[in-house]
Every structure is written in C-alpha cells, then in structure tokens.
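Below is one structure, written out as structure tokens; comments come after it.
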Amino acid sequence: MMAAVENHSGLPHAWFPKVGDSGHTFDVLVVRGTFDLGASGIVPTRAARQDPVVDGDRYDEPRGDDPVRAMLIQPGDRVLHKPQADVCVTGHAHAPDGQPAGRWTAGIHVGDREVSLQLSGPRRFVKRLLGWRLTDAAEVIEVPLSFERAFGGGYAIPLDQSDAIARIHKPDNPVGCGWLPDAKALDVLPAEERKIMAAAVAGVRELPAPQIEDPRAPIRSPFQQSPAFGSGPIAPWWAPRVHRQGTLDDDWLATRCPAVPDDFDAAYYQVAPASLTLSKHLQGGEQLRLTNLLPDSRYVSRLPDWTVMAVAAYADGSSNVAFPVIDTLSIDLDKRRLSLVWRCCFDRFNPVRSLVIGATDQPVARPPAGELVEEVA
Numbered sequence: 030m031m032a033a034v035e036n037h038s039g040l041p042h043a044w045f046p047k048v049g050d051s052g053h054t055f056d057v058l059v060v061r062g063t064f065d066l067g068a069s070g071i072v073p074t075r076a077a078r079q080d081p082v083v084d085g086d087r088y089d090e091p092r093g094d095d096p097v098r099a100m101l102i103q104p105g106d107r108v109l110h111k112p113q114a115d116v117c118v119t120g121h122a123h124a125p126d127g128q129p130a131g132r133w134t135a136g137i138h139v140g141d142r143e144v145s146l147q148l149s150g151p152r153r154f155v156k157r158l159l160g161w162r163l164t165d166a167a168e169v170i171e172v173p174l175s176f177e178r179a180f181g182g183g184y185a186i187p188l189d190q191s192d193a194i195a196r197i198h199k200p201d202n203p204v205g206c207g208w209l210p211d212a213k214a215l216d217v218l219p220a221e222e223r224k225i226m227a228a229a230v231a232g233v234r235e236l237p238a239p240q241i242e243d244p245r246a247p248i249r250s251p252f253q254q255s256p257a258f259g260s261g262p263i264a265p266w267w268a269p270r271v272h273r274q275g276t277l278d279d280d281w282l283a284t285r286c287p288a289v290p291d292d293f294d295a296a297y298y299q300v301a302p303a304s305l306t307l308s309k310h311l312q313g314g315e316q317l318r319l320t321n322l323l324p325d326s327r328y329v330s331r332l333p334d335w336t337v338m339a340v341a342a343y344a345d346g347s348s349n350v351a352f353p354v355i356d357t358l359s360i361d362l363d364k365r366r367l368s369l370v371w372r373c374c375f376d377r378f379n380p381v382r383s384l385v386i387g388a389t390d391q392p393v394a395r396p397p398a399g400e401l402v403e404e405v406a
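Start counting at 1 in the sequence shown, then tack on 29, and there's your number in the working numbering.
This is the structure:
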C-alpha cells in the first residue's frame, strides 16, 4: 500500500522504494529546491520555475563508439542514501573582471570546505628532444568546467587484420585530455594489444593539455601519475566510484541480487569529486563563496536557510516529524542557479501510511546533527 503524500513545501518531491544493503526495502523521500543566484551579498531566492526531481542519470554522447567515454551531465536524485554531501559546479568559469587571461585561479567555498582550481586557456603538450613541453596558454574569457578539459583521455586502436579494437582509458576520466598511458597502464592489455598500443603512444608528438588542474599538483607531462581534477559529477563506471560498487559476480546474482553486494560501499552514491565531497551533510545557511567563476568575479553569500519537514503517520498509529538532510548541492554557473536536494529514508517494518511535507525559510528548532526524526505522538 502506497503512502498518501501531501506536499505543501512549494518544492518538487519524489517518494519511492529502494532496496537497502540487507535486501530490506525502504521508502525514500527526496525534495529538490531550485534557487536563483542574485547579486553578491544576497541570499539565493526560490526560483519561480522549479526544476523537477531528476529520475535518472543523464549523460552526453559517448566519444566514438566507446560507451565508457560518456560523461555524466546530471546525476539522478533517486538513490537510497548519501553518507556525505556532494557539491558539483558546472558551466563556464569566467576570467577575472571579464578580461582575457591565459591562466587564473578560481575558488569554490562552501561552509568550511574551500577548493581552488587552476584554469588555463587552450594549450598543448609538445614532444621535444629532451621531453615534453607545454605551450603557452591562449588568452580566453571563459573555460568550460567539463571533465573534457581535465587530465585524462582514452585511446582506441584497430588491431591488424581484424575488426577488433584495443582500448585503454584513464580510469578516473576517460573523456579528458593530455594523458598518455605508460607501461604500467598498458599492463592491463593482452600482449599483442599492448604492443600495438605502445607503438601508437610512442608515435604521439603533441596533444591538447588540461585546462583544469589542481594548483597544488599542476600537470607537466602526459605520463604524470596524477588524478583528474574537476568540479562536475563523476560517472558510476569511473574511478573511484566503480571500485565502491562491490563484487558483481555469479555468486552475487545467485544469493543477493537485487540487494547490493556484501562489499558494497555506500560512498558509491557520492557523485562529486573527492575535493568537493563534504564530510557531513549540509544544514542550510552555510557560507557560499565563488571566486573567478561568475562574470562578477567575487560572489559571496550563503546557502538558502530552508528547513524541510515531513510529518509521517505510520501503520501502527504513531506519527513523527522527520527533518530530511541536504546531501546534494549543484551550482550551474551559466544559469546562475543552485539546487539543493533533501533526503530522508523510512523503514518499512512500520510502513508510512501518510506523509505531509512542508518547508520554511524561518528559524526552526531542529534535532541535533545525525538525528533525522523527532517523535511528536
């Protein structure tokens, strides 16, 4: 029996079942709020047009015929749980004061987390007698915050006298640029494919270099052992997410499916890069600072201080009020909008029969951090 849901929050919601680690089913409430970024110093306001809850992951087209080289554009909201909070920033970063620049440092500051990105105009790696050199970056007024512009890449080489293709990609960013596989990376290929791929790599004389870097570890060589660095969402088959999904083998199919594997890590649901995965959920009202990202180079404000509440009535006649937590913050620089996703899970051992959702931007006495539900009856 589905619960009767009344939504008086003014924000879109979804109510759906999800199977947990043990195979037990939970009901999940998700509320998504969209807010306009006004001028610096003004708290983002509720947008007149609210974006709906995202039912599933949305991707761009894969590069060539390799599905691994598709990029996650917008992650879906219908997941069971996120143990931490994701922050994703997409769109185009703008050079300081709107003036063309070859390089600049941008900053994302949410609460007590501050992340810097080194941004560059187009440039190239060129192979010289004594090694690889970087060309000067062209001056630009904006850089797309896309993993296509971050360190990474992939290669597909036809095999001799065969329709087969040897493929290799950087595990944490198959769509990026500037990367070449070294001998260790090539070890994953069969001997014949490894030989053909190594010859192709040796023949590369120049390639586009990354435009998005960690300023603490700039990329100086295509063979550098450095992770991709960006601010957008990570696809589920990219590292490190893919390593958290657990072992999907015949034993799992026979004994646990559709429940997750025994070695599943709930951090799999986190879509943000490690640098933008916060250690705890957001509360609302945290400081928000964007530097050299928007056309107005310095934006300082706070996250909307909204509280979402859900009054639940259960099958046994009891009721309580739940306070969903904010586990996702997405900022779209091009639209000057941010979205917040609130989430809360309800155990079906005592099923919810009715749910009334509300929201307010006024101060509310909330339970201590980590306590999502407060008994009222």
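We treat Cβ as the ideally placed atom computed from N, Cα and C, and that holds for glycine.
Met338 has Gly387 as its beta-bridge partners, per DSSP. Residue pairing for Gly136: DSSP places it in a beta bridge opposite Ser145 and Thr320. Per the DSSP secondary-structure output, Lys156 pairs in a beta bridge with Trp161. Scanning the segment 164 to 205 for uninterrupted beta strand (DSSP E) segments of 3 residues or longer gives 171 to 173, 183 to 187 and 194 to 198, listed from N- to C-terminal end. For Leu332, DSSP assigns no beta-bridge partner whatsoever.
7 Å or more divides the Cβ of Asp56 from the Cβ of Pro41. Distances from the alpha-carbon of His138 to those of Lys224, Leu319, Ser326 and Glu221 put Leu319 closest. Residue pairing from DSSP places Val60 in a beta bridge opposite His42 and Trp371.
Taking C-beta atoms under 8 Å as the contact rule, Pro247 and Pro104 fail to qualify, at a distance of about 28 Å. The three-state reading of DSSP puts Thr306 in strand, counting E and B together. In this chain, the alpha helix (DSSP H) harbouring Ala212 covers Ala212 to Leu215.
Here Ala339 is buried: its Cβ has 16 or more other Cβ atoms, across all protein chains shown, within 10 Å. The residue from Gly67, Arg382, Pro219 and Gln253 with its alpha-carbon nearest to that of Arg366 is Gly67. Separation of the CB atoms of Ala166 and Gly131 is rounded to 4 Å, and the pair is thereby assigned contact status at 8 Å. Ranking Phe64, Glu235 and Val72 by CA distance to the CA of Val155 puts Glu235 first. In this structure, DSSP gives Pro96 a helical state, which the three-state scheme calls helix. When C-alpha distances from Arg152 are compared across Gly160, Arg178 and Leu159, the shortest belongs to Arg178. In its chain, beyond the 5 residues on either side, Thr389 and Val393 have a beta carbon closer than 6 Å to the beta carbon of Thr336. DSSP places Lys47 in the strand class (E or B) of the three-state scheme. In this structure, DSSP gives Thr284 a helical state, which the three-state scheme calls helix. The closest CA to that of Glu90, considering only Ile102, Thr119, Val82 and Phe293, is found on Ile102. Ranked by Cα distance from Gly85, the first of Ala185, Thr134, Pro173 and Pro265 is Pro265.
Short of 6 Å from the beta carbon of Gly181, and not among the five residues preceding or following it, lie these beta carbons of its own chain, in chain order: Lys199, Asn202, Gly205, Trp208 and Ala257. Within the model, the alpha-carbon separation for Val116 versus Pro302 is close to 8 Å. For the pair Thr134 and Leu148, the Cα-to-Cα distance works out to about 6 Å. Secondary structure at Val289: coil, using DSSP grouped into helix, strand and coil.
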